[in-house]
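Undergrad: Below: one structure in structure tokens.
2 protein chains.
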Amino acid sequence: MTQDRNRGVDDPARLRGIVRDIPQATVARLPVYLRALHELAERRVGTVASQVLARAAGVSPAKLRKDLSCLGSYGTRGVGYDVATLAEQIARQLGLTQDWPVVIVGVGKLGQALANYAGFADRGFRVVGLLDADPARVGQIVAGSVVRPATELERVVAEHGVCIGVLATPAGSAQRMCDRLVAAGVSSILNFAPVVLSVPDGVDVRKVDLSLELQILAFHEQRKDAVRRAAGVLGAMRA
Amino acid sequence: MTQDRNRGVDDPARLRGIVRDIPQATVARLPVYLRALHELAERRVGTVASQVLARAAGVSPAKLRKDLSCLGSYGTRGVGYDVATLAEQIARQLGLTQDWPVVIVGVGKLGQALANYAGFADRGFRVVGLLDADPARVGQIVAGSVVRPATELERVVAEHGVCIGVLATPAGSAQRMCDRLVAAGVSSILNFAPVVLSVPDGVDVRKVDLSLELQILAFHEQRKDAVRRAAGVLGAMRA
DNA sequence: CGGCCTTTGTGAAGGAAGGCACAAAGCGAG
DNA sequence: CTCGCTTTGTGCCTTCCTTCACAAAGGCCG
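Protein sequences, first through last, are from chains Y and G.
Letter 28 of the first sequence, counting from 1, is numbered 28 in the working numbering, and no numbers are missing.
Letter 30 of the second sequence, counting from 1, is numbered 30 in the working numbering, and no numbers are missing.
What follows is the structure in structure tokens.
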């Protein structure tokens, strides 16, 4: 108690929860922790030690603790973290306590998968518009919403105050649609099209490249192959 | 010529092309460079300076040059890089000069999008099996192939010597299917299911989390919001 | 052939992230 | 109340990545 009262407003642990100085790498892991915490909560787990949570999230306990310490001091020494409290704090930091209206531009197979993806709705992302330039797709019902023509992009964005857009168009039209999203007021874009988008300052773009990851796997697989071959040759020489 | 002959086998620039000591961060960017190079090649560009290529790939020229220097010395000072040569070297390093048979497990909307994705075939990834546990999906034609029952997983993997598997199942069955892939001999897995997979040593897993990226965007968006609000308050105070 | 201009390749410095190890802090038993 | 056990939070060190700045190297022109 005495110590607590001695903790001034400039106490590092407290301040860290207010000012935002969270490393990029940590931000990228918070959603993983959040998912693990939700799973624990479903299993009626009340508190969890860093070791257990770290295993569930696929990271080392030290990294987990350091990450969580960026949010403030929400653990109890000798016990662990309260699952519900920690989940709420992470959600708050990530901005998931509010609803985010989102438009999806491009409703091919990928766009449909995204529109149906439960992980979006669970985290407060509400799809308020499905847009496609292809007349054949306009009017179709996807994930309970009707696909609207791309011409309505500006109207949908303005109507719902959308600031996050998802691009799932072919490569050819991605930059054009991106420009229109930005002009309409969108300031964060999740890009699934295989192009490098150029956007003005102040707009965040994150890219998900389906084939990039596969190419990285191929690199490592080839390496393993080479090692196996080398081992084989050495084995033959030894024999 | 004289200099070239003086370059021994342990010349650093040469060796780097042989021994593999490429930083992870660099490996992750090579596919981006490769895509940019292919685009340049299509536009009949013969040589490209680091500055231009860097802009096309969305990185800084210095980073690009350092990355490329890991592969060896394939640029010409005062001129730039030969587009075709460089593309070939990158493809070789990534292991894209060979064909990689791939199975896709889970043929929902996402699995279908992946099966149809041109970026796979272009890079030497050949989908040799579409597998799904849902009888309603088995027998459907997706991307020119018939969807086969999940029970045939082991047979397909063995038949084609598959070592890369793509998981696009619901969260619930991902670990089970992962275990079967590994048992059947797959040693690299691209996981789209929102779970942390556990695999034995020697197996590589890469995870693509569709909602993770959106959550990171929300974090930054919230920050921008906070800054805007703070600026607004300050502005009001000044007035 | 020689000088100039362009562009690469890379050492060195700066910064971010990861891992170790331990002190501080809480809980529960005695 | 005290002791001992458990687990967090964090300072320090190491490693990896990025950026800067410049020497070395090649082409081009006179």
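The C-beta atom is built at its ideal place from N, Cα and C for all residues, glycine as well.
Just so you know, these numbers come straight off a predicted model, no measurement behind them.
Provide the residue(s) that pair with residue 66/Y in DSSP beta bridges, ordered along the chain.
TA: One-based indexing of the first sequence puts residue 66/Y at position 66. Bridge partners of residue 66/Y: none, in fact.
Undergrad: Note the first and the last residue of the continuous beta strand (DSSP E) segment covering residue 145/Y.
TA: One-based indexing of the first sequence puts residue 145/Y at position 145. Taken as a continuous stretch (DSSP letters only), the beta strand (DSSP E) holding residue 145/Y covers 145-149.
Undergrad: Taking only beta-carbon positions, decide if residue 35/Y is within less than 9 Å of chain G.
TA: Start at 1 with the first residue of the first sequence, and residue 35/Y comes out as number 35. Answer yes: the Cβ-Cβ gap between residue 35/Y and chain G drops below 9 Å somewhere.
Undergrad: Measuring straight from C-alpha to C-alpha, what distance separates residue 127/G and residue 75/Y?
TA: Taking the first residue of the second sequence as 1, we reach residue 127/G at position 127. Taking the first residue of the first sequence as 1, we reach residue 75/Y at position 75. Those two C-alpha atoms are separated by around 47 Å.
Undergrad: Rounded to the nearest angstrom, what separates residue 222/G and residue 183/Y at their Cα positions?
TA: Here the question's residue 222/G lines up with position 222 in the second sequence. Here the question's residue 183/Y lines up with position 183 in the first sequence. Taking the straight line from one Cα to the other gives about 20 Å.
Undergrad: Any Cβ of chain Y within less than 9 Å of the Cβ of residue 215/G?
TA: To locate residue 215/G, count along the second sequence from 1; it is residue 215. Answer yes: the Cβ-Cβ gap between residue 215/G and chain Y drops below 9 Å somewhere.
Undergrad: Please classify residue 42/Y as buried or exposed, where buried requires at least 16 neighbouring CB atoms within 10 angstroms.
TA: Here residue 42/Y is taken as the residue at index 42 of the first sequence, counted from 1. Exposed is the call here.
Undergrad: List the residues of chain Y that residue 260/G touches, going by C-beta distances under 7 Å, in chain order.
TA: Outside the shown range of chain G (1 to 239) lies residue 260/G, about which nothing can therefore be said.
Undergrad: Whole angstroms is fine: what's the gap from residue 34/G's alpha carbon to residue 88/G's?
TA: Taking the second sequence and counting its residues from 1, one reaches residue 34/G at position 34. Taking the second sequence and counting its residues from 1, one reaches residue 88/G at position 88. Near 9 Å, if we compare the C-alpha coordinates of residue 88/G and residue 34/G.
Undergrad: Looking at the unbroken alpha helix (DSSP H) that takes in residue 172/G, where does it start and where does it end?
TA: Within the second sequence, residue 172/G is the residue found at index 172, counting from 1. That run of the alpha helix (DSSP H) goes 171-184.
Undergrad: Taking C-alpha atoms, which residue in 58/G, 191/G and 110/G lies nearest to residue 176/G?
TA: The sequence position of residue 176/G within the second sequence is 176, counting from 1. Answer by Cα proximity: 191/G.
Undergrad: Output the boundary residues of the alpha helix (DSSP H) element that contains residue 50/Y.
TA: As a position in the first sequence, residue 50/Y is number 50, starting the count at 1. Where residue 50/Y is concerned, the enclosing alpha helix (DSSP H) stretches over 50-57.
Undergrad: Which of the three DSSP states is assigned to residue 85/Y in this structure?
TA: If you number the first sequence from 1, residue 85/Y lands on position 85. Three-state DSSP puts residue 85/Y in a helix.
Undergrad: Check the C-beta distance from residue 148/G over to residue 156/G and give it rounded, since I have them as a contact under 8 Å.
TA: Counted from its first residue, the second sequence places residue 148/G at position 148. Counted from its first residue, the second sequence places residue 156/G at position 156. Yes, residue 148/G and residue 156/G are in contact; Cβ-Cβ is about 7 Å, under 8 Å.
Undergrad: Residue 164/G versus chain Y: which residues are under 9 Å apart at the beta carbon?
TA: The residue you call residue 164/G lines up with position 164 of the second sequence. Near residue 164/G (Cβ distances below 9 Å), the residues of chain Y are 214, 217, 218 and 221.
Undergrad: Can you tell me which of the three DSSP states residue 21/Y falls into?
TA: Translated into the one-based positions of the first sequence, residue 21/Y becomes position 21. Correct three-state label for residue 21/Y: coil.
Undergrad: Using a Cβ-Cβ cut-off of 8 Å (strictly less than) and excluding sequence neighbours within five positions of residue 85/Y, which residues of its own chain qualify?
TA: Position 85 of the first sequence, counted from the start, is the residue given in the question as residue 85/Y. So the qualifying residues of the chain are 74.
Undergrad: In chain G, what lies closer than 9 Å to residue 82/Y by C-beta?
TA: Residue 82/Y sits at position 82 when you count from the first residue of the first sequence. Correct list: empty, because the minimum Cβ distance to chain G is about 21 Å.
Undergrad: Would you list the residues sitting across from residue 120/G in a DSSP beta bridge?
TA: By one-based count along the second sequence, residue 120/G stands at place 120. Per DSSP, none; premise fails for residue 120/G.
Undergrad: Three or more C-beta pairs under 8 Å: does that hold for the stretch 91-102 of chain G against the stretch 92-105 of chain Y?
TA: Not touching, per the Cβ criterion.
Undergrad: Which residues mark the beginning and the end of the beta strand (DSSP E) in which residue 156/G is found?
TA: Within the second sequence, residue 156/G is the residue found at index 156, counting from 1. Residue 156/G -> not in any beta strand (DSSP E); alpha helix (DSSP H) instead, spanning 153-160.
Undergrad: With a threshold of 16 other CB atoms inside 10 Å of the CB of residue 231/G, please say whether the residue is buried or exposed.
TA: Along the second sequence, one-based indexing puts residue 231/G at 231. Looking at its Cβ environment, which holds fewer than 16 other Cβ atoms inside 10 Å, residue 231/G is exposed.
Undergrad: What does residue 123/G reach in chain Y if we use C-beta pairs closer than 9 Å?
TA: Taking the second sequence and counting its residues from 1, one reaches residue 123/G at position 123. Simply 211, 214, 215 and 218.
Undergrad: Among 220/G, 137/G and 129/G, which one has its Cα closest to the Cα of residue 154/G?
TA: What you label residue 154/G is simply residue 154 of the second sequence in a count that begins at 1. Of the listed residues, the one whose Cα sits closest to residue 154/G is 129/G.
Undergrad: What residues from chain Y crowd round residue 224/G, counting only those whose CB sits closer than 7 Å?
TA: The residue given as residue 224/G occupies position 224 in the second sequence. Per Cβ cutoff of 7 Å: 187.
Undergrad: Using 8 Å as the Cβ pair cut-off and three pairs as the minimum, do the stretch 166-174 of chain Y and the stretch 189-209 of chain Y touch?
TA: Cβ pair count under 8 Å is three or more, so yes.
Undergrad: Hey, residue 150/Y and residue 168/Y are a contact pair by Cβ (cut 8 Å); roughly how many whole angstroms apart?
TA: Residue mapping note: residue 150/Y aligns to position 150 of the first sequence, counting from 1. Residue mapping note: residue 168/Y aligns to position 168 of the first sequence, counting from 1. Their Cβ separation, rounded to whole angstroms, is 12 Å, which puts residue 150/Y and residue 168/Y out of contact at 8 Å.
Undergrad: List the residues of chain Y that residue 109/G touches, going by C-beta distances under 7 Å, in chain order.
TA: Along the second sequence, read from residue 1 onward, the residue named residue 109/G stands at position 109. What residue 109/G touches in chain Y: 109, 112, 113 and 116.
Undergrad: Taking the straight line between their C-alpha atoms, what separation do you get for residue 164/Y and residue 60/Y?
TA: Along the first sequence, read from residue 1 onward, the residue named residue 164/Y stands at position 164. Along the first sequence, read from residue 1 onward, the residue named residue 60/Y stands at position 60. Approximately 32 Å, taken between the alpha carbons.
Undergrad: Please return the same chain residues whose Cβ sits closer than 8 Å to the Cβ of residue 37/Y, not counting the five positions on each side in sequence.
TA: For the purposes of this step, residue 37/Y is taken as the residue at position 37 of the first sequence. Hits under 8 Å: 48, 53, 83, 86, 87 and 90.
Undergrad: Roughly how far, in whole angstroms, is the beta-carbon of residue 211/Y from the beta-carbon of residue 29/G, given that I think they are within contact range, below 8 Å?
TA: As a first step, residue 211/Y is located in the first sequence; it is residue number 211 there, counting from the start. As a first step, residue 29/G is located in the second sequence; it is residue number 29 there, counting from the start. Actually they do not touch by this definition, with Cβ atoms about 14 Å apart.
Undergrad: Check whether the Cβ atoms of residue 216/G and residue 79/Y lie closer than 9 Å to each other.
TA: As a working mapping, residue 216/G is identified with position 216 in the second sequence. As a working mapping, residue 79/Y is identified with position 79 in the first sequence. No; because the gap between Cβ atoms is not below 9 Å, this pair is not in contact.
Undergrad: Rounded to whole angstroms, what's the CA-CA distance from residue 198/G to residue 39/G? Just pull it up for me.
TA: Walking along the second sequence from the start, residue 198/G turns up at place 198. Walking along the second sequence from the start, residue 39/G turns up at place 39. Cα-Cα distance, rounded: 38 Å.
Undergrad: Within a Cβ cutoff of 7 Å, which residues of the same chain sit near residue 108/Y, ignoring the five residues on either side of it in sequence?
TA: Along the first sequence, one-based indexing puts residue 108/Y at 108. If we look at residue 108/Y and ignore the five residues flanking it on each side, its Cβ neighbours are 168.
Undergrad: Could you please give the first and the last residue of the uninterrupted beta strand (DSSP E) stretch that includes residue 197/G?
TA: Taking the second sequence and counting its residues from 1, one reaches residue 197/G at position 197. Careful: residue 197/G lies outside any beta strand (DSSP E) and carries neither H nor E.
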